[in-house]
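Residue numbers (the numbering used here), protein chains in the order written: chain A, 10 to 232; chain B, 122 to 391.
All C-beta atoms in this analysis are idealised placements derived from N, C-alpha and C, irrespective of residue type, glycine included.
Taking it in order: structure first as structure tokens, then the write-up.
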Amino acid sequence: MEWTSYLPPLLQGAWVTVQLTVYSTILGAVLAFAFGIGKLSNNWLIKGVSIGYIEIFRGTSLLVQLFWLYFALPIAGQAIGIDLRLPPVVAGVLALGLNIGAYGAEVVRGAIQAVPKDQYEAGRALNFTPRQAMWRIALPQAVPEMMPTFGNLAVQNLKDTALVSLISLGDLAFRAENIRNFTQDSTTVYTLVLFMYFGMALVLTAFMKIAERSVGRWKTAGR
Amino acid sequence: MSEPIIKFDKVVKRFGSVTVLNELDFSVSPGEKVTIIGPSGSGKSTVLRILMTLESINDGVVWVDGEPLWHEERGGKLQAASEKHMHRMREKLGMVFQQFNLFPHMTVRRNLTEAPIRVLKLSKKEARERADRLLEMVGLQDQADKYPHQLSGGQQQRVGIARACAMRPRIMLFDEPTSALDPELVGEVLNVIRNLAEEHDLTMLLVTHEMQFARQISDRVCFFDRGRICEEGPPSELFSEPKEARTKEFLRAVVDPDSAKGEKQASAEG
């Protein structure tokens with residue numbers, strides 16, 4: 010078989026991988042901000058929930074989280090009479106997003122805490138409420154600091170999507186495995202797949218660089 | 122004499138085992154310009170930081186404009202103040218910081234308009250007009266669209282002063298406003314403060330090491346030592362004829378560091 014004939018199914022799989030990456034990275038970013046800020050809350054309940062989420066998802070295997078959501082949750086649901094069967098895409102996006110969000114939350118927390126105390130004092134002297142100080146003063150300064158690490162996490166997330174092939178989701182890794190089973194042409198298939206993941210990672214890194222530059226424009230003004 | 126606008130009543134402030142303010146009694150009349158001088162660690166900046174609610178107190182009562190700052194009267198008793206009470210009290214005060222503390226991610230103009238818009242709920246147009254007037258006052262009207270890091274230290278501090286003024290406080294606190302500046306930039310900042318001091322209604326509390334300047338603009342100078350006022354009086358008296366030995370020693374050291382060192386050595390030898 011001609012290697013070009015592998016491309017259409019592989020590209021179909023790559024598209025699924027791209028979608029999974031985008032959705033789960035967005036979900037992860039939302040969770041990262043929610044729980045990263047939550048961990049700094051003075052409210053013990055919000056703080057406790059945030060710490061719990063971060064520690065549980067950082068402290069357990071992504072593969073197990075994925076299997077738990079896809080295989081265990083429906084059975085647990087059955088026991089209490091609720092239908093908790095998730096489509097593979099939903100289970101995949103949820104597991105990836107929850108996992109990357111937990112890592113991201115620590116990045117968000119760290120970047121916010123790195124904003125100098127001076128800035129909060131200036132905010133207080135100008136009578137900003139704590140909430141305004143967070144959104145108007147701390148976060149705009151913290152976000153540019155988060156971006157390089159967020160870039161790493163997004164690429165990490167892209168590569169982690171390969172795990173979802175194990176819950177029969179037709180992503181790039183899943184298609185590659187199918188073709189290999191059918192043709193036994195492991196070298197060609199996996200070399201192609203390697204380059205495809207690498208290409209996607211390059212594009213993603215470029216996007217994150219652009220985002221990094223745009224949120225940090227004030228830093229380089231006039232330089 | 123009118124009611125004091127600021128009154129410290131036996132205020133105690135401790136950092137761990139160190140007592141920074143030791144039952145401090147201190148008051149300022151409306152419109153008065155008061156300079157606080159003293160050795161480092163004498164609690165001068167702490168007085169300002171307590172007034173700006175950046176630092177809490179351990180004992181005593183601080184009164185601002187007839188109301189307790191850190192307390193609220195509930196059922197005839199003074200209780201710890203709520204955030205709401207302090208939010209209302211902070212409207213009366215503005216502060217200029219040693220390190221300027223400008224918001225680096227905002228242009229100069231937005232540094233001046235952000236709080237008036239978000240906190241005072243001014244319209245964007247009003248806030249902008251107010252900001253532009255203030256920038257003219259501090260001589261920075263052509264720097265409005267720059268970011269703080271593009272300005273010199275002296276310019277940044279002038280923005281800091283304009284930013285505090287934009288909230289129209291009745292009391293302005295200056296915490297060593299020129300200590301972080303290169304010597305050649307001190308003058309431009311002092312000029313701006315001097316102009317502000319001419320405003321009759323504005324109460325000013327200034328912590329500084331610029332003795333000449335303090336002498337020029339102050340109605341009263343307070344010498345702080347070990348968490349208390351050691352000596353206070355009109356600048357002409359305190360600088361020319363200090364009564365307390367500690368004041369004399371401090372002034373000698375500040376005005377002429379070399380002679381003070383020489384004398385200490387002499388007394389050690391003798």
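Under 8 angstroms by beta carbon: chain A residues contacting residue i
i: B/MET288; result: LEU135, ASN136
i: B/ARG341; result: Per Cβ cutoff of 8 angstroms: no residues; B/ARG341 is ~24 angstroms from chain A at best.
i: B/HIS206; result: In chain order: nothing, as chain A lies at least about 13 angstroms away.
i: B/GLN220; result: ASP127
Residues that residue i contacts on chain A, provided the C-beta gap is smaller than 9 angstroms
i: B/MET173; result: GLU130, ARG133, ALA134
i: B/LYS267; result: ALA230, GLY231
Any chain A beta carbon closer than 8 angstroms to residue i
i: B/PRO298; result: no
i: B/VAL139; result: no
i: B/GLU235; result: yes
i: B/VAL133; result: no
i: B/GLN276; result: no
i: B/ARG211; result: yes
i: B/GLN271; result: yes
i: B/PRO125; result: no
i: B/GLN337; result: no
i: B/SER388; result: In this predicted model, B/SER388 has a pLDDT of only 49, less than 50, meaning its place in the structure is not dependable enough to derive any value.
Short Cβ contact (8 angstroms threshold) for residue i with residue j
i: A/ALA114; j: A/GLU154; result: no
i: B/THR299; j: B/THR324; result: no
i: B/PHE129; j: B/PHE147; result: yes
i: A/ILE146; j: B/PHE224; result: yes
i: B/ALA301; j: B/GLN200; result: no
i: B/VAL185; j: B/LYS213; result: yes
i: A/GLN128; j: B/ASN222; result: yes
i: A/ALA142; j: B/MET216; result: no
i: A/TYR32; j: A/VAL102; result: yes
i: B/GLN276; j: B/LEU255; result: no
i: B/GLN344; j: B/GLU353; result: Here the sequence assigns Phe to residue 344 of chain B, which means Gln is not the residue at that position. Closer than 8 angstroms, so yes.
i: A/GLY37; j: A/ILE109; result: yes
i: B/ARG279; j: B/VAL240; result: no
i: A/GLN150; j: B/HIS226; result: yes
i: A/ALA163; j: A/THR34; result: yes
i: B/CYS339; j: B/LYS154; result: With the sequence shown as reference, residue 339 of chain B is identified as Ser, and Cys is not the correct amino acid for it. Closer than 8 angstroms, so yes.
i: A/GLU130; j: B/LEU175; result: yes
i: B/LEU142; j: B/GLY348; result: yes
i: A/THR192; j: A/ASP180; result: no
i: A/ALA104; j: A/LEU93; result: no
Span of the beta strand (DSSP E) around residue i
i: A/TRP77; result: It is not in any beta strand (DSSP E) - A/TRP77 carries neither H nor E in the DSSP assignment.
i: B/THR234; result: Run containing B/THR234: none in the beta strand (DSSP E); it sits in the alpha helix (DSSP H), 229-239.
i: B/ALA201; result: 198-201
i: B/ASN143; result: 139-149
i: A/LYS228; result: From DSSP, A/LYS228 is part of no beta strand (DSSP E) but of the alpha helix (DSSP H) over 226-229.
Terminal residues of the alpha helix (DSSP H) in which residue i lies
i: B/ILE126; result: Segment: none, B/ILE126 is in no alpha helix (DSSP H) and carries neither H nor E.
i: B/PHE221; result: It is not in any alpha helix (DSSP H) - B/PHE221 carries neither H nor E in the DSSP assignment.
i: A/LEU135; result: Looking at the DSSP string, A/LEU135 is not in any alpha helix (DSSP H), and its letter there is neither H nor E.
i: B/GLY152; result: Premise fails: B/GLY152 is in no alpha helix (DSSP H) and is neither H nor E.
i: A/ILE109; result: 97-122
i: A/GLN21; result: 16-47
i: A/ASN161; result: 148-169
Partner residues on chain B for residue i, Cβ-Cβ distance less than 8 angstroms
i: A/GLN74; result: Per Cβ cutoff of 8 angstroms: no residues; A/GLN74 is ~36 angstroms from chain B at best.
Residue-chain proximity (residue i, chain B), Cβ-Cβ < 8 angstroms
i: A/ILE146; result: yes
i: A/TRP227; result: yes
i: A/ASP127; result: yes
i: A/ARG222; result: no
Cross-chain neighbours of residue i in chain B, by beta carbon under 7 angstroms
i: A/PRO6; result: Look at the range of chain A in this structure, 10 to 232, and you will see that residue 6 of chain A is not part of it.
i: A/ASP169; result: Residues of chain B passing the Cβ test: none, with the nearest at roughly 33 angstroms.
i: A/GLN122; result: Going along chain B, no residue has its Cβ under 7 angstroms from A/GLN122, so there is no contact; the nearest lies around 17 angstroms.
Proximal chain A residues relative to residue i, where beta-carbon distance stays under 7 angstroms
i: B/ARG239; result: PHE137, GLN141, ARG145
i: B/MET216; result: ALA134
Beta carbon proximity, residue i to chain E, threshold 8 angstroms
i: B/SER203; result: Of the chains in the structure shown, none is chain E; the protein chains are A and B.
Beta-ladder partner(s) of residue i, from DSSP
i: B/PRO189; result: B/TRP184
i: B/PHE344; result: B/ILE158, B/GLU352
i: B/ILE292; result: B/LEU214, B/THR324
i: B/LYS134; result: B/LEU142
i: A/GLU64; result: In DSSP, A/GLU64 forms no bridge with anything.
i: B/GLU194; result: B/LEU199
Distance cut-off 7 angstroms: residue i Cβ against heavy atoms of the ligand GDP
i: B/PRO189; result: You won't find the ligand GDP in this model; it holds no ligand whatsoever.
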